[in-house]
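For the sequence shown, the numbering used here assigns the number 8 to the initial residue and increments by one for each residue that follows.
C-beta atoms are modelled at their ideal positions from N, C-alpha and C, and glycine is treated no differently.
To start, the structure itself, in structure tokens.
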Amino acid sequence: MDMKVLGVVGSNRKNGNSYLLLEGMLRNFSSIETKIIQIAELEIKPCEVCFERCAANPFECVINDDFQKLFTELKTADGIIFACPFYFYVPSKFQAFLERISGLDYFTLERHGEGNNPLVGKPCLLVTVSASGSSFNAFQILHHLQEFALMLQMKTVNLRFWPFIGLSAKTGGIESGAVLKETETLKQAREAVSLLIKKIEGGSARL
Ligand SMILES: Cc1cc2nc3c(=O)[nH]c(=O)nc-3n(C[C@H](O)[C@H](O)[C@H](O)COP(=O)(O)O)c2cc1C
Numbered sequence: 008m009d010m011k012v013l014g015v016v017g018s019n020r021k022n023g024n025s026y027l028l029l030e031g032m033l034r035n036f037s038s039i040e041t042k043i044i045q046i047a048e049l050e051i052k053p054c055e056v057c058f059e060r061c062a063a064n065p066f067e068c069v070i071n072d073d074f075q076k077l078f079t080e081l082k083t084a085d086g087i088i089f090a091c092p093f094y095f096y097v098p099s100k101f102q103a104f105l106e107r108i109s110g111l112d113y114f115t116l117e118r119h120g121e122g123n124n125p126l127v128g129k130p131c132l133l134v135t136v137s138a139s140g141s142s143f144n145a146f147q148i149l150h151h152l153q154e155f156a157l158m159l160q161m162k163t164v165n166l167r168f169w170p171f172i173g174l175s176a177k178t179g180g181i182e183s184g185a186v187l188k189e190t191e192t193l194k195q196a197r198e199a200v201s202l203l204i205k206k207i208e209g210g211s212a213r214l
């Protein structure tokens, strides 16, 4: 069966550059089944830090919204791409998702011990999207995503080009569709997907 790669778009703007980039970078890889989820289309409420009720069952959140649906998709994917644009730092709904999953990880570990995290070892590719693609923007988001991936014990894909810990996608502009004119961005993005696939296959991608 084909391996499944899930793209999670962190933007609050539906069908923006982060989505278009993911759509373009995942196209025409015949060996993979792909799915893209846009945070913009989901209801993700902030974490309520409900110490008593959090993760009473491993990785189960009591807040009633789309979080659990998204978490189920993360669990069943063979590899994940997190694409997060640079606004003023991280888009708030995507940050709420990171907050929720981090809380569940922490309290699951406290209450139920090791061995309950279904994301351990899951290959993932970190992508940030900004108009400039510059280091100021890239590192704020990529380091944030990297810390999240490390906490959840996922395996991130390293690249052979700057900024190495993930992809910094330059859109060259703010309008939706700007990224599609950036041929170098798309080329690098597709190379990054190839490395993710190799990592899923347990091949020679840089570990
Ligand atoms: C409120 C806001 C602030 C932004 N700040 C920056 C910035 O400081 N540097 C930069 O390079 N791009 C900045 N951008 C550009 C976005 O990163 C770019 O438009 C990207 O396409 C947004 O992703 P999206 O289209 O998926 O929503 C900003 C965009 C918005 C809407």
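Item                                                                                                                            : Value
Beta bridge counterpart(s) of Q45 as assigned by DSSP                                                                           : V16
Cβ neighbours of H151 in the same chain (closer than 7 Å, five flanking residues each side left out)                            : V97
Sufficient close CB pairs (3 or more, under 8 Å) joining the region 29 to 43 to the region 103 to 115                           : no
Cα-Cα separation between I207 and T83, rounded to whole angstroms                                                               : 13 Å
Straight-line Cα distance separating F114 from S211                                                                             : Any answer about S211 is weak, because its pLDDT of 46 lies below 50 and its placement is not dependable; what the coordinates show is given next. Answer to the nearest angstrom: the Cα atoms are 35 Å apart.
When K11, G14, D9, N22 are compared against I181, the one with the closest alpha-carbon                                         : N22
Assigned exposure category for F89 - 16 Cβ within 10 Å defines buried                                                           : buried
Short Cβ contact (9 Å threshold) for I87 with P130                                                                              : yes
Cβ contact (3+ pairs, closer than 8 Å) linking the region 22 to 37 and the region 61 to 77                                      : no
First and last residue of the uninterrupted alpha helix (DSSP H) at V134                                                        : No alpha helix (DSSP H) holds V134; the beta strand (DSSP E) holding it covers 130 to 137.
Alpha carbon of Q147 to alpha carbon of V134, nearest angstrom                                                                  : 12 Å
Near ligand 1: N24 beta-carbon under 8 Å from a heavy atom                                                                      : yes
Selected residue, minimal CA-CA separation from S139, among P92, V56, G120, L166                                                : P92
Contacts around M161, its chain only, beta-carbon distance under 6 Å, and the 5 residues preceding and following it disregarded : L126, K129, C131
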